[in-house]
Amino acid sequence: MLVEGEVDAVLSAHAPDCFEDGHPNVARLFDDYMAVEAEYYRATGIFPIMHVIALKHALVEAHPWIAMNLLKAIEQAKRASIARALDVTAPRFPIPWCFEHTRRAQELFGEDHWPYGVDRNRTTLEAFLQYAHEQGVCHRRLAPEELFPEQVLSRVRV
Numbered sequence: 035m036l037v038e039g040e041v042d043a044v045l046s047a048h049a050p051d052c053f054e055d056g057h058p059n060v061a062r063l064f065d066d067y068m069a070v071e072a073e074y075y076r077a078t079g080i081f082p083i084m085h086v087i088a089l090k091h092a093l094v095e096a097h098p099w100i101a102m103n104l105l106k107a108i109e110q111a112k113r114a115s116i117a118r119a120l121d122v123t124a125p126r127f128p129i130p131w132c133f134e135h136t137r138r139a140q141e142l143f144g145e146d147h148w149p150y151g152v153d154r155n156r157t158t159l160e161a162f163l164q165y166a167h168e169q170g171v172c173h174r175r176l177a178p179e180e181l182f183p184e185q186v187l188s189r190v191r192v
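Quick note: the sequence shown uses the numbering used here, first residue 35, plus one each step.
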């Protein structure tokens, strides 16, 4: 449909085959998308959330510990992944300058460039929820706190 002009644009996590194949009628909206995204983040504090993990409400009610345990596990996995990306002495990713890309991301976004939790994502979550309401996805404007189990809304570190 994109190649034939039946749709004007596609928003996707993966480029369509026609883009990967170099079809002349298909191109990125922004050639230097990384610079555009970085500037948008600098101006708004918004960078799209990569992934969301959902739990059934009944599961959290039956096992109140599950949300916090899951959050701790994915945070540990993320820390390990970032450490691997920053390890300049033994690269684990077959990407040239992976260490430098990771370091530059940290310069822009902070040391934890994929933060978890409501407070550290409030600006992005509020924008997402505003757009969801404006576009009719939600019948009312939700607050970010309504999306997460109470157990993970506040964290105490000792």
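Built from N, CA and C at the ideal position, the CB exists for glycine as well.
Checklist entry - Under 8 Å, do ARG175 and HIS167 count as touching if we go by C-beta distance? => result yes
Item to check | Which listed residue (CYS52, ALA114, ALA47) has its alpha carbon closest to that of MET35 | outcome: CYS52
Item to check | Length-filtered (3 minimum) beta strand (DSSP E) runs lying within the stretch 75-161 | outcome: none
Next on the checklist: Here's the rule I'm using: 16 or more other beta-carbon atoms within 10 Å means buried, otherwise exposed. How should PHE127 be labelled?
Outcome noted: exposed
Checklist entry - In angstroms, rounded to a whole number, what distance separates the CA positions of PRO58 and THR123? => result 41 Å
Next on the checklist: Let's test the definition: count the other Cβ atoms within 10 Å of the Cβ of PHE81 and tell me whether it reaches 16, buried, or not, exposed.
Outcome noted: buried
Item to check | Residue of GLU54, LEU159, PRO183 minimising C-alpha distance to HIS91 | outcome: PRO183
Next on the checklist: So the candidates are ALA43, GLY151, ASP42, ILE116; which of them puts its Cα closest to the Cα of LYS106?
Outcome noted: GLY151
Item to check | Closest residue to PHE143 among VAL186, GLY79, MET68 (Cα-Cα distance) | outcome: GLY79
Checklist entry - How would you label LEU120, buried or exposed, when you count the other beta carbons within 10 angstroms and need 16 or more for buried? => result exposed
Next on the checklist: Which of the three DSSP states is assigned to MET35 in this structure?
Outcome noted: coil
Checklist entry - Buried or exposed: where does LEU163 fall if 16 or more other Cβ atoms within 10 Å of its Cβ makes it buried? => result buried
Checklist entry - Can you tell which of ARG154, ARG118, HIS85 has its C-alpha closest to the C-alpha of ARG137? => result ARG118
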